[in-house]
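What follows is a single structure, written as structure tokens, with notes after it.
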Amino acid sequence: MVRRDGLGCNDRRGRAAPTSVSRRRLAILGSTGSIGTQALDVVRAHPDRFEVVALAAGRNVDLLARQAAEFDVDLLAVADVAAAAAHDGPRPVAGGDDAVTALAAADVDVVLNGIDGAAGLAATMTALEAGTRVALANKESLIVGGDLVVAAAEAAGGRDTHLVPVDSEHSALAQCLRSGTPGEVARLVVTASGGPFRGRTRAELGDVTAAEALDHPTWSMGPLITVNSSTLVNKGLELVEAHLLFDLPMDRIEAVVHPQSIVHSMVEFVDGSTIAQVSPPDMRLPIQLALGWPQRLDRAFVAMDWTTPTTLTFEPVDHEAFPALGLVVAAGRAGGTHPAVCNAANEVAVGAFLDDRIAWLDIPRVIEAAMEAHDATDPPPPRDVADVLDADAWARRHARQQVAATT
């Protein structure tokens with residue numbers, strides 16, 4: 012297992028890994044989304060610690076332009092080519108996925124990757140290949156890239172210094188792991204809010220709507236991750252992410268439902284002691300820690316009020332009602348291109364659900380069908396990112412066929 016102290020390592024450009032109190036140069040990819048806008052809140056709170064050098068978004072070029080003006084940023088890109096072409100502001104905005112990915116190679120200390128879905132893989136690999144630390148909010152890029160991303164991080168200077176988690180659960184694990192040595196860790200426990208459908212039986216989930224799935228009880232997130240939370244696909248992805256980040260076997264990582272979303276994750280040690288990280292459900296806290304890692308910055312946005320009566324509850328996952336969690340875990344155990352196939356099929360299925368073309372319960376069916384078909388081909392381990400992208404493309408075609416057959 013990896014110690015996450017982030018000390019004493021040089022990147023490929025020969026720079027010391029960004030651990031000092033000097034002002035860090037940031038590239039924020041997905042700056043107009045939930046993670047990106049909250050990251051800019053962190054920068055506003057710490058102008059003496061961070062400088063924004065590059066900003067990228069999907070298509071919201073107007074908000075991107077306002078952000079660029081506020082933070083005086085000239086390196087700008089949006090994935091939507093038409094949106095970039097239509098922009099007539101004073102700062103040029105490059106268009107296309109390649110333009111967004113290119114910003115990950117900018118001369119910065121930290122790339123915050125907040126791009127949605129598997130599309131973030133190219134940016135993660137580009138940043139690591141440039142020797143730059145990645146503050147990883149785009150879990151899918153690590154999951155689908157798997158060992159290839161881990162190898163790139165090791166080559167850049169170390170998985171423990173160049174892949175810093177932004178997800179609240181993995182930020183919590185990284186903090187708890189500071190309490191012991193790798194050999195003292197028994198298991199990782201990742202908490203789940205349970206999403207909007209916690210407590211419902213499978214029979215009660217047959218006719219849930221997109222509006223209900225998007226009504227998360229705790230977090231404000233984008234549509235993909237919010238639906239993933241409702242199916243617990245997101246929690247399965249987080250278990251796989253923990254396996255890759257912290258180099259622990261999948262059978263020593265588990266999920267537990269904690270609806271208050273105050274305990275973000277826990278580490279159980281071999282002597283039976285459990286260390287938990289506790290804070291209000293505010294993503295600015297793990298974002299701030301990731302950007303400043305391994306130092307903690309002052310001026311916390313929120314903190315627990317321990318004078319207020321608080322009840323914390325924990326309950327097991329209902330795998331019958333939420334079978335998608337087990338499917339993602341199985342893909343993580345299989346490794347290779349299986350996680351890429353699982354993730355791609357899920358993204359297609361979620362899109363179809365949001366378009367009202369399939370039911371919520373069809374999402375795990377589409378995932379399972381793609382995984383079974385892929386497994387039947389006895390796929391070899393991926394040799395490079397191209398192999399991962401080929402598996403991703405195959406899974407999307409297969410999932411679209413399943414969706415068409417369902418409707």
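Position 84, counted from 1, in the sequence shown is what my numbering calls 95; the numbers after and before it change by one each time, with no gaps.
Where a beta carbon is used, it is the ideal one built from N, C-alpha and C, also for glycine.
Remember, predicted model here, so these are calculated numbers, not experimental data.
Residue closest to residue i, alpha-carbon to alpha-carbon, out of the options
i      : options                           : result
Ala2   : Glu383, Phe333 and Ala360         : Since the first residue shown for the chain is 12 and the last is 418, residue 2 is missing from the structure and cannot be characterised.
Ser179 : Ala370, Ala287 and Gln412         : Ala287
Leu420 : Asp108, Ala97, Ala113 and Ala96   : Within the shown structure, residues of the chain are numbered from 12 to 418, placing residue 420 beyond reach of any answer.
Leu199 : Asn149, Val155, Leu259 and Val177 : Leu259
Asp316 : Val340, Pro334, Ile273 and Val281 : Ile273
Val219 : His227, Phe208 and Glu331         : Phe208
Asp395 : Thr417, Arg408 and Gly347         : Gly347
Leu225 : Glu215, Leu338 and Val238         : Val238
Ala381 : Val352, Glu331 and Gln271         : Val352
Pro327 : Val177, Pro234 and Gly210         : Gly210
Leu192 : Phe257, Arg36 and Pro103          : Leu is not the amino acid found at residue 192; the sequence shown has Thr there. Thr192 has its Cα closest to that of Phe257, out of Phe257, Arg36 and Pro103.
Arg170 : Val145, Lys150, Gly41 and Ser152  : Val145
Ala129 : Thr417, Asp401 and Arg411         : Asp401
Thr212 : Ala332, Pro297, Ala404 and Arg70  : Ala332
Asp59  : Leu308, Cys187, Val201 and Pro176 : Leu308
Gly69  : Ala117, Arg36 and Gly125          : Gly125
Leu37  : Ala117, Ala253 and Ala397         : Ala117
Gly283 : Pro393, Val244, Glu195 and Thr229 : Glu195
Ala154 : Gly168, Asp293, Asp127 and Ala141 : Before going further, note that residue 154 is Ile rather than Ala in the sequence given. Checking every option, the nearest Cα to that of Ile154 belongs to Asp127.
Glu151 : Val278, Val244, Pro392 and Ala397 : Val244
Leu66  : Ala88, Gln49 and Ala80            : Ala88
Leu323 : Pro334, Arg295, Asp329 and Val289 : Val289
Met5   : Gly168, His181 and Asp389         : Because the chain here runs from 12 to 418, residue 5 falls outside it and cannot be looked at.
Counted within 10 angstroms of its Cβ, other Cβ atoms place residue i as buried (16 or more) or exposed
i      : result
Glu249 : buried
Pro375 : buried
Val13  : Reliability of the predicted coordinates at Val13 is poor, the pLDDT of 36 falling under 50, and the value obtained from them is presented with this limitation in mind. It is buried - the Cβ of Val13 has at least 16 other Cβ atoms within 10 Å.
Val399 : buried
Glu223 : exposed
Thr172 : buried
Phe82  : buried
Val310 : Per the sequence presented here, residue 310 reads as Arg, with Val not at that position. Exposed is the call here.
Phe325 : exposed
Ala96  : exposed
Ala416 : exposed
Asp366 : exposed
Gln186 : buried
Asp403 : buried
Thr43  : buried
Arg408 : exposed
Pro393 : buried
Ala214 : exposed
Gln306 : exposed
Ala410 : buried
Ala164 : buried
Proximity of residue i and residue j at Cβ, strictly below 7 Å
i      : j      : result
Val313 : Pro291 : yes
Ala203 : Ala148 : no
Val281 : Ala197 : yes
Ala115 : Thr137 : yes
Ser45  : Ala183 : no
Thr143 : Val122 : yes
Gly206 : Ser231 : no
Ala345 : Ala406 : no
Leu216 : Leu372 : yes
Gly156 : Leu132 : yes
Val72  : His98  : yes
Val339 : Gly233 : no
Arg102 : Glu62  : no
Pro350 : Val177 : no
Val414 : Ile378 : no
Leu40  : Ala134 : yes
Ala253 : Ile236 : no
Leu174 : Val278 : no
Residues that DSSP places opposite residue i in a beta bridge
i      : result
Val161 : The partner list for Val161 (beta bridge, DSSP) is empty, contrary to what the question assumes.
Glu279 : Arg198 and Thr285
Val89  : Ala68 and Gly106
Val244 : The partner list for Val244 (beta bridge, DSSP) is empty, contrary to what the question assumes.
Asn357 : None, per the DSSP bridge assignment.
Ile264 : Leu199
Ala38  : Ala65 and Val122
Pro176 : Leu147
Val274 : Val289
Glu223 : None; Glu223 has no bridge partner.
Glu326 : Val268
| Using 8 Å as the Cβ pair cut-off and three pairs as the minimum, do the region 56–76 and the region 153–166 touch? | no
| query | How do the region 91–104 and the region 357–366 stand: do at least 3 beta-carbon pairs fall below 8 Å, yes or no? | reply | no
| Do three or more CB pairs link the region 47–56 to the region 291–304 at distances below 8 Å? | yes
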